[in-house]
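Beneath this line is the structure, given in structure tokens, with notes to follow.
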Amino acid sequence: MQEPLYTTPAPLPRSFWLYSLGTALLALSPTLLAMGLQLVVNLMNHVNPMAVGGAYLRPGAMEILGNVLLAPLAETAVLALAVTLLRSRIHSALAVSLLWAIVWGLVHVYLQGWFKFLPAVWGFFFFTRAYQVWREHSLPKGFAAALLPHMLVNTALLAVVFVYAM
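Using this note's numbering, you'd call the opening residue of the sequence shown number 171 and step up by one each time.
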């Protein structure tokens, strides 16, 4: 007989909000490092990758809405469903997090290019772990624990792009 998932809740971190912020910072760190290195390389080579035909590309309202709200909502909904299905087959939370992170890395490669693989894998590993940690106590908290850091990461990245495009 198979054990039900999420039967005995583990002790939670003290603060949901601090946990979410910490998850966002962990998820964001390699991406910011990569963006910083890219900026240094661009400055050394006198290249502005944001300039296309003399016009600067700044995120518009729809891009901001899509990246900060809609994409994280949709991706977190898929994450919640997939993790629930995967946990019925794979009992290791770590293995599920790693597998799901690789899947999202490949999705981001398909949508945005190979350079998005490692940052997406890194971020989705933490989003998936956050979902699993808080899902043991409630579905809404699990969903929010994955969603909020994802939204913070995307907001920070768009802010960097916006400032760089000024």
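For glycine and all other residues, C-beta sits at the position ideal for the given N, C-alpha and C. None of the values given here were measured: they were computed from a predicted structure.
- Judged by DSSP in its simplified three-state form, Arg257 adopts helix.
- The count of Cβ pairs closer than 8 Å, one atom from the region 274 to 290 and one from the region 300 to 308, stays below three, leaving the stretches out of contact.
- In the three-state reduction of the DSSP assignment, Glu306 falls in the coil class.
- Taking the C-beta atoms as reference points, Phe296 is found no nearer than 8 Å to Ala231.
- In the structure shown, Ser262 falls within a coil segment according to DSSP collapsed to helix, strand and coil.
- The C-alpha of Thr193 lies about 6 Å from the C-alpha of Pro319.
- Exposure of Gly206 is indicated by the presence of fewer than 16 other C-beta atoms within 10 angstroms of its C-beta.
- Asn324 is classed as buried because its beta carbon has at least 16 other beta carbons within 10 Å across all chains shown.
- Of all alpha-carbon atoms in Phe186, Gly312, Leu269, the one lying nearest the alpha-carbon of Phe294 is that of Leu269.
- For Gly312 and Leu255, the gap between their C-alpha atoms comes out near 15 Å.
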